[in-house]
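The sequence shown runs 1 to 243 under full-length UniProt numbering. This report concerns only the one structure given below.
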Amino acid sequence: MTLLRVDGISKSFQGLRAVDEVSFEVAEGSILGVIGPNGAGKTTIFNLIAGALRPDSGRVHLAGREITGHTPHQVTAAGMTRTFQLMRPFYSMTVLENVTIAVLAGGGAKRTARTAAAELIDRVGLGRWRDAPTEGLPTAALKRLELARAVASKPRVLLLDEVLAGLVPAERAPVMELLEQLRTDDGVTLVFVEHIMAAVMRLSDSVLVLDLGRVLTTGAPEEVTRDPRVIEAYLGEDPHAHA
Ligand SMILES: Nc1ncnc2c1ncn2[C@@H]1O[C@H](COP(=O)(O)OP(=O)(O)OP(=O)(O)O)[C@@H](O)[C@H]1O
1 MTLLRVDGIS KSFQGLRAVD EVSFEVAEGS ILGVIGPNGA GKTTIFNLIA GALRPDSGRV
61 HLAGREITGH TPHQVTAAGM TRTFQLMRPF YSMTVLENVT IAVLAGGGAK RTARTAAAEL
121 IDRVGLGRWR DAPTEGLPTA ALKRLELARA VASKPRVLLL DEVLAGLVPA ERAPVMELLE
181 QLRTDDGVTL VFVEHIMAAV MRLSDSVLVL DLGRVLTTGA PEEVTRDPRV IEAYLGEDPH
241 AHA
């Protein structure tokens with residue numbers, strides 16, 4: 001079943017067509033990787049479908065309901081949550097407090113929120129920082145906190161914006177495992193923007209390739225990354241070289 005359907009969305013900024021008639025579908029329980037050179041429109045698409053920006057035209061449907069132009073809060077309530085490239089935790093609070101708030105915001109019961117948050121913190125590998133103040137955490141820990149907060153809201157669709165950026169390979173592996181578990185064990189549908197090609201190849205069922213605001217191609221990961229148009233969009237380099 002198609003869970004997320006995007007039909008011909010466009011967005012211009014001062015005459016620049018940042019997103020140009022982009023359409024794609026994501027089946028429930030699948031993982032879509034979104035790739036493209038810098039400025040291709042990846043983050044803007046997330047902003048358009050998650051409610052941070054209103055598309056100039058086009059429509060977005062989630063589980064058969066139109067959510068075009070809905071506010072971020074409404075989109076979250078409808079079952080779709082996003083992470084940000086730049087994290088925005090409450091810096092004055094501990095890791096546990098931050099995730100507990102996210103569990104409560106996701107409709108979790110007050111009595112069990114802290115326990116649920118602590119479990120999630122362990123799951124993303126943040127156990128040793130559970131009671132640490134958020135301010136001063138290393139980037140890798142902040143990234144995992146952001147992921148824990150997003151997962152806490154129990155989304156049906158999770159939009160991930162470069163969650164692996166800034167992590168060293170040893171830190172990436174557990175995050176990738178978590179993403180696979182989210183799909184397999186929790187049935188979460190994932191859409192993730194990522195520059196690290198090894199992760200795109202490993203996690204994606206299908207890949208959407210963007211260039212200059214348009215869909216260049218879409219298909220299985222091994223298919224699209226061998227597509228000459230994709231290689232050209234990456235300035236003549238083999239996209240695998242970004243791994
Ligand atoms: N708020 C804005 N105002 C003006 N231009 C914008 C705005 N947001 C994005 N753009 C422009 O839209 C285009 C697409 O940007 P976007 O950030 O979506 O690309 P991206 O594929 O996410 O890039 P990156 O991989 O560098 O994050 C770029 O040319 C960018 O400069």
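Just so you know, even glycine gets a beta-carbon here, dropped at the ideal spot from N, CA and C.
Whole-Å CB distance - residue i paired with residue j, under 8 Å assumed
i, j, result
"L190", "I31", "5 Å"
"M80", "L159", "7 Å"
"E232", "I35", "Wrong, their Cβ atoms sit about 14 Å apart, outside the cutoff."
"A18", "D211", "That belief does not hold up - the Cβ atoms of A18 and D211 are roughly 12 Å apart, past 8 Å."
"L48", "P37", "The pair is not a contact, with the Cβ atoms about 19 Å apart (cut-off 8 Å)."
"L178", "A152", "Actually they are not in contact, since the Cβ atoms of L178 and A152 sit about 13 Å apart, beyond 8 Å."
"E180", "L203", "7 Å"
Residue i, buried or exposed, once every other Cβ within 10 Å from all chains shown has been counted against 16
i, result
"R88", "exposed"
"K110", "exposed"
"L16", "exposed"
"R229", "exposed"
"G213", "buried"
Whether residue i touches residue j by CB criterion (7 Å)
i, j, result
"S10", "G51", "no"
"H70", "R5", "no"
"A116", "V103", "yes"
"L182", "V188", "yes"
"I67", "A77", "no"
"V163", "T43", "no"
"A199", "E171", "no"
"D131", "T94", "yes"
"R65", "V99", "no"
"V26", "L53", "no"
Residue i - partner residues in DSSP beta bridges
i, result
"V34", "V193 and L208"
"L158", "T81 and L190"
"K11", "V19"
"A27", "T2"
"R59", "D7"
"G39", "Its beta-bridge partners do not exist; DSSP assigns none."
*Just list the alpha helix (DSSP H) runs in the stretch 105-139, keeping only unbroken ones of 4 residues or longer that don't cross its boundaries, in chain order.*
Those alpha helix (DSSP H) runs which fall completely within the stretch 105-139 and span 4+ residues are 110-123.
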